[in-house]
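Peer 1:
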Amino acid sequence: MKYVFSPEAQSTLPIRGTDELFPVNRVYCIGRNYAAHAIEMGHDPDKEPPFFFQKNPDNLLPEGKDFPYPPMTSDVHHEIELAVALKSGGSNLSAGDALDCVFGYAVSLDMTRRDLQGQMKKMGRPWEIGKAFEHSAPCSALVPASDIGHPSEGEIWLKINGATQQEGDLNQLIWKIPEMISYLSDYFSLHPGDVILTGTPAGVGPVEKGDNLHGHIAGVGDLHVKVV
Ligand code: MN
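Numbering (the numbering used here), first residue to last: 317 to 544.
(1) Nearest to Ser462 by CA position, among Lys447, Cys417, Tyr499 and Ile472, is which residue?
(2) Might you give, ordered along the chain, the residues of its own chain that have their beta carbon closer than 8 Å to the beta carbon of Pro573, omitting 5 neighbours on each side?
(3) Does the beta-carbon of Pro373 have 16 or more other beta-carbons within 10 angstroms, so that it is buried, or is it exposed?
(4) Mapping the DSSP letters down to three states, classify Gly440 as helix, strand or coil.
(5) State the DSSP-derived secondary structure class of Asn372, mapped to helix, strand or coil.
(6) Evaluate Gly420 with the Cβ neighbour count: other Cβ atoms within 10 Å of its Cβ, from every protein chain shown; 16 or more gives buried, anything less gives exposed.
(7) In this structure, how does DSSP classify Ser501 when only helix, strand and coil are distinguished?
(8) Where Arg430 and Phe383 are concerned, what is the direct C-alpha to C-alpha distance, given to the nearest angstrom?
(9) So, at 6 Å on beta carbons, what are the nonlocal neighbours of Lys318 in its own chain, with the 5 sequence-adjacent residues on each side left out?
(10) If you drop the 5 nearest sequence neighbours on each side, which residues of the same chain put their C-beta closer than 6 Å to that of His540?
(11) Could you tell me which of Glu379, Glu450, Thr516 and Gly358 sits nearest to Gly537, measuring between CA atoms?
(12) Fully enclosed by the segment 393-428, which beta strand (DSSP E) runs are 3 residues long or longer?
(13) When you compare each of Gly484, Lys437, Leu337 and Ile445 to Met388 by their alpha carbons, which one comes out closest?
(14) DSSP three-state label for Glu483, please.
(15) Should Asp391 be listed as close to ligand 1, given that the test is whether its C-beta is under 8 Å from any heavy atom?
What follows is the structure, encoded as structure tokens:
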């Protein structure tokens, strides 16, 4: 079988401690999954079931690369998030079985054109132009769960130029990792290579060209990204 033109390269993430690559299938993102962030965005965290949007696999920006300030916006926000990478999938998974699907974890950023997202929210339109743009998901190397286990508590923070902007703890996740995998699998068929960004703690805000972002998640690692 021949393609009519060469297909785009498979999106991948490096894996810490090996030279093997993790091939990325889909990228799901959960919204408003820390109470303090839901409140800062004007929502009641007690009343909402989880909701998801997607980024494109090629939106991932592997560590070591700069984040180019995107076009058509003047208000790009950082959202530090724990990323969960799946090695297997399925439909209608129970929360009890969900962690068996997890390959590993990474430190990621859900970069957001907040001005465009806000316009789309007001108009009842989809969020893609606010969320799913090029390089919108900077991500560290994956760390295998076989090395670190499954983090359920520990600090998650983001500093810009050394000053803390976001701070939280994984134990503040409203929908826990097994619950969000189970919930997603009721709506979508999950596959090996799927990546889930699990939501951001409070303190989101704008970035500027020249900023140095430093994200950290206890037990998972660090992510350094420069805005250019
Ligand atoms: Mn987010």
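Every residue, glycine too, gets a C-beta built ideally from N, C-alpha and C.
Peer 2: Let me spell this out:
(1) Cys417
(2) Any property of residue 573 remains undetermined from this structure, which presents the chain solely from 317 to 544.
(3) buried
(4) coil
(5) coil
(6) buried
(7) helix
(8) 16 Å
(9) Nothing meets the Cβ criterion.
(10) His530
(11) Glu379
(12) 396-402 and 418-425
(13) Ile445
(14) strand
(15) In this structure, the C-beta of Asp391 stays at least 8 Å away from each heavy atom of ligand 1.
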